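Protein chains in written order, with our numbering: chain A, 1 to 146; chain B, 1001 to 1129; chain C, 2001 to 2662. Accompanying notes for the structure given below.
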Amino acid sequence: MSLEKKEFKPKIVAFCCNWCSYAGADLAGSSRLTYPADVKIIRVPCSCRVNPMFILRAFEKGADGVIMCGCHPGDCHYSTGNFYARRRMTLLFSMLDYIGVENGRTRVEWVSAAEGVKFSETMNSFVEKIYSLGENVRLGDLRCKS
Amino acid sequence: MSSEKKQAELIKEISGVNPLKCMKCGKCSASCPSYNEMDIKPHQFVSYVINEDIESLVNSKSLWKCLSCFACVERCPRDVKPGKLIDAARQIVVRQKGQNYLLADEIPELLDPELPQQLLVSAFRRYRR
Amino acid sequence: MQRIGVFVCHCGSNIAATVDVSKVAEMALMEPGVVHAEDYQYMCSEAGQAKIAAAIQEKNLTGMVVCSCSPRMHEATFRKAAERAGLNPYMVEIANIREHCSWIHKDVEEATKKAVILMRAAIAKVNLNAPLQPGESRVTKRALVIGGGIAGIQTAIDIADAGYEVDIVEKTPSIGGRMSQLDKTFPTLDCSACILTPKMVEASAHEKINIYTYSEVEKVSGFVGDFTVDIRKKARSVDMDKCTGCGVCQEKCPSKKAPSEFNRGLNTRSAIYTPFAQAIPNVPVIDREACIKFKTGKCGLCAKVCQAGAVDYEQKDEIVTEKYGAIVVATGFDTIKLDQYDEYAYSQSKDVITSLELERVMNAAGPTHGHLERLSDGKAPKEIVFIQCVGSRCSDDRGKPYCSKICCMYTAKHAMLIRDKYPDVNVTVFYIDVRTPGKNFDEFYRRAVEQYGVNYIKGQVGKVIPQPNGKLLVQGSDLLDNKQILKEADMVVLATAIEPNPDVRKIATMLTASIDTNNFLTEAHAKLRPVESPTAGIFLSGVCQGPKDIPETVAQAGAAAVKAIGLLAKDKLLTNPCTAQSDILLCNGCSTCENVCPYGAITYEDKEVNDHGIRETRRIAVVNSALCQGCGACTVACPSGAMDLQGFSNRQIIAEVDAICR
């Protein structure tokens, strides 16, 4: 292992609900609106399917940022899912901030199926934020680091 | 980068305007109170910046005929703001001179009773630093 | 251990140009469980699907990953291909390396790396997939159409003609919508009422169509094939069965000061009213806010003069609950409010009107009985100015960013009609672009210029200044002559932008149909599924989906009807098997999941459990898989982790997270 500092390439996990945000991401793609390759999207049926455990797991495995996207409040395909998600994430993120995972590393964003531009802008600004925060050092399972 | 291009970029930067958003509707020229005094008309400011012909813009009569009333800025449906563009061109001239174009002390001499009040106000707003 | 096949699609050059597809296939073989990997030009083609089928059979695959476009595009295709080859369709996962990778990244190395990671996540997920079997649900053979304008009427007639029951819910007292307010229609100048009223009569006389006017949708529950809808029938204060439509009550009503909605507030109507002469049903309603009886308790004249005894002040709102298999939204549009556009002096002068108001002025049943006159003093105008794109194509927050599509054509129509009837009136149109794509549209516009001498000026108007002499000074620009124009006009007509009916947001929320930033309902696919909402069982008709003229609206109404008929014709629908399930060993019957379930799909049963040799009866959550839509809210709410979602299980998502963070 060299002592030289490796170039920081963040790992960013994005949870996108199938009905709005995943479609928004598809629209960003078909409109060729670029955002950094550091973002990897996981499709979930609804933002309320995102268990806080998944986010903790991501940080444990070395993620530098986690973003969750859902339908706009009131527009959830399942009527109320994103309201639950919003409450859960508010609690989780304040707890994460308390234990040292800065608030900038976690984000909830509402992106509709028609908002390809917003999706790309959101991802660009989120990645930029992660770059400014640097590598995440909290919560990581040290056995995961090479 | 050519100097023309550099100046065009500078104008965009100072004004914060993206001239490519213009859809050429002409509402700016339709709103302009000093339209008849101008050689280059407000809607043309935009295309002069797009075509990077800053030289003509800087040497135009319009540069000093614009009242900065911002009627065009207010009414532009595309957020292109021709008034801000000409304002930025004026800034370039002022910067090249290396000083404020107007000093507060010079104003009484220049004062013309015919001069619209608004021009004075906007001159102060812009040049009294 | 699964035996997984990985299929990497080139998508022509769409993927292959930025992702090294053979490298991705090569890397796949290093993943656990992968026994087969190949890349091919078009996986979705017949040849590509044949390759998949061959691999499934030869290599005895138990799961597969396709690295291709979005699952929203071709997941169904590949699932069907897998099923034909004998693999359970739910053992197929898609790694989206087109929309989420090749199309947004330019660097080949970076994109390939990301594609590999996305593929790994999909492989990790498939490793934990289990075969699933879809259930069945029944289809209620009845359709609901929300909105009774031309779009709703046409959709209802088409569905009813196919033999299915249709209900139309219309908010106002009569069907007919915006089209009933128009005078003439472009490009053939038919009288609007003459072509609309036969349709209205056909709908109301159709034995399969039931019309609820003065009613609103209050609540929607259920899902495709089995919606339950509450409709609020607002109190009409007139008995629909008794009323003969004689109209005496309207004549005698002493309260005649309410602004007429039908005439866009240009004149007034009585408190008991039918919006227009051809209204269907021809039964008046009492506007309780304007009615003297309801305000003061004294009057009751309409009840006295009604020979049929139909007036009923005691009538109350009524809620009707119905079941439907399909719902068509046809809520239409309105013109935008002009309070933000003070430069056009709309609020300052009565002679500045919108185009829709001009329709009423030109109409024989309108406030001026069809005479073109100034609304301020009733004088005949000599000089009329039309201003285009008022509020359309605006990127600021005052207007709408889109083109309203119909204004160029109706302005040409208005200009032509005025020049035809009043040849001494000068008509000037200020335009930015004249957009006339459509059959016989450009010819129509050219006729306005060449035959009728309408003066088109390329340029926008900056300001309209009301003059002390009652005229309007229009200050505009002529971009072709490069001059500023000052013109004295007697009337100014604003081609006001159209926007979706403001109620559509409420309705979209009830239907969980998605809506865009301009409040237009989103279609399932912009090109290939333009009349369906992404929410199954919801169809879109007319301007609620985007600006349209009448022929387009009617065409789309028919298309929406066909889609609805296609759904209603089925006896049973396959349900999504990705539903929640509770682990009987972990569930402790705490009722948390029941509270978060939006579908009421969770109930509790006492069940015999064998927990490590201990036999006991426990209260356990049971999910009704016909009701469960698979959102997963319960899985996160469950404190003991007993609830899990099939197809998106905790272990599967964690495996994906792990693969991405590896």
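Note that beta-carbon positions come from the ideal geometry of N, C-alpha and C, so glycine has one too. Since the structure is predicted, the reported quantities are computational estimates derived from the model, not experimental observations.
Using 8 Å as the limit for Cβ to Cβ distance, is residue i near chain C?
i         : result
B/Gly1026 : yes
A/Cys69   : no
A/Thr80   : yes
A/Pro45   : yes
A/Glu128  : no
A/Val13   : yes
A/Ile42   : yes
B/Asp1039 : no
A/Tyr131  : no
B/Asp1079 : yes
B/Tyr1048 : no
B/Asn1036 : yes
A/Thr34   : yes
B/Lys1012 : no
A/Arg49   : yes
B/Ser1056 : no
B/Arg1075 : yes
For a cutoff of 8 Å on Cβ pairs, would you count residue i as touching chain A?
i         : result
C/Phe2007 : no
C/Glu2099 : yes
C/Cys2661 : yes
C/Thr2428 : no
C/Val2636 : yes
C/Gln2545 : no
Is residue i near residue j, with beta carbons less than 8 Å apart?
i         : j         : result
C/Ile2153 : C/Met2200 : yes
C/Asp2549 : C/Lys2405 : yes
C/Asn2088 : C/Pro2071 : no
A/Arg49   : C/Gly2163 : no
C/Asp2516 : A/Ala114  : yes
C/Ile2327 : C/Ile2538 : yes
C/Tyr2313 : C/Lys2293 : yes
B/Lys1006 : B/Val1049 : no
C/Ser2102 : C/Val2034 : no
B/Glu1052 : B/Ala1008 : yes
Does the Cβ of residue i have 16 or more other Cβ atoms within 10 Å, making it buried, or fewer, making it exposed?
i         : result
C/Glu2605 : exposed
C/Gly2453 : exposed
B/Arg1129 : Note on B/Arg1129: pLDDT 40, under 50, position unreliable in the model; no value is reported.
C/Asp2241 : exposed
A/Trp110  : buried
C/Val2493 : buried
A/Leu96   : buried
A/Cys90   : The sequence given here places Thr at residue 90 of chain A; Cys does not occur at that position. Exposed, by the Cβ-count rule.
A/Pro36   : buried
A/Phe8    : exposed
A/Met1    : In this predicted model, A/Met1 has a pLDDT of only 46, less than 50, meaning its place in the structure is not dependable; the value taken from the coordinates is given anyway. With fewer than 16 Cβ atoms within 10 Å of its Cβ, A/Met1 is classed as exposed.
C/Tyr2090 : buried
A/Asp64   : buried
C/Gln2181 : buried
A/Met123  : buried
Since I believe residue j is in contact with residue i (beta carbons under 8 Å), could you give me their beta-carbon distance rounded to a whole number of angstroms?
i         : j         : result
C/Asp2351 : C/Met2491 : 5 Å
A/Ser112  : A/Ala85   : Not confirmed; about 15 Å, so no contact.
C/Asp2658 : C/Asn2650 : Between C/Asn2650 and C/Asp2658 the Cβ distance is about 12 Å, and since that is not below 8 Å, they are no contact.
C/Asp2158 : C/Gly2558 : 5 Å
Flag residue i as yes if its beta-carbon sits less than 8 Å from any beta-carbon of chain B, otherwise no.
i         : result
C/Gln2467 : no
C/Glu2477 : Note on residue identity: the sequence assigns Ser, not Glu, to residue 2477 of chain C. Taking Cβ atoms only, chain B reaches closer than 8 Å to C/Ser2477, which makes this a yes.
C/Glu2261 : no
C/Glu2343 : yes
Would you check if there are 3 or more beta carbon pairs closer than 8 Å linking the segment 2133 to 2140 of chain C to the segment 2557 to 2571 of chain C?
yes
Determine contact between the segment 2520 to 2533 of chain C and the segment 2466 to 2474 of chain C, defined as no fewer than three beta-carbon pairs at a distance below 8 Å.
no
Determine contact between the segment 2437 to 2444 of chain C and the segment 2208 to 2228 of chain C, defined as no fewer than three beta-carbon pairs at a distance below 8 Å.
no
Okay, do the segment 1022 to 1041 of chain B and the segment 2453 to 2465 of chain C touch, 3+ Cβ pairs below 8 Å being the bar?
yes
Quick check: the segment 63 to 70 of chain A against the segment 14 to 21 of chain A, are there 3 or more CB pairs under 8 Å?
yes
Pairing CB atoms from the segment 2482 to 2489 of chain C with CB atoms from the segment 2316 to 2333 of chain C, are three or more of them under 8 Å?
no
Cβ contact check for the segment 2279 to 2290 of chain C and the segment 2171 to 2186 of chain C: 3 or more pairs under 8 Å:
yes
Inspect the CB distances between the segment 2340 to 2354 of chain C and the segment 2377 to 2395 of chain C and report whether three or more fall short of 8 Å.
yes
With three or more C-beta pairs closer than 8 Å as the rule, is the segment 2105 to 2118 of chain C touching the segment 2051 to 2062 of chain C?
no
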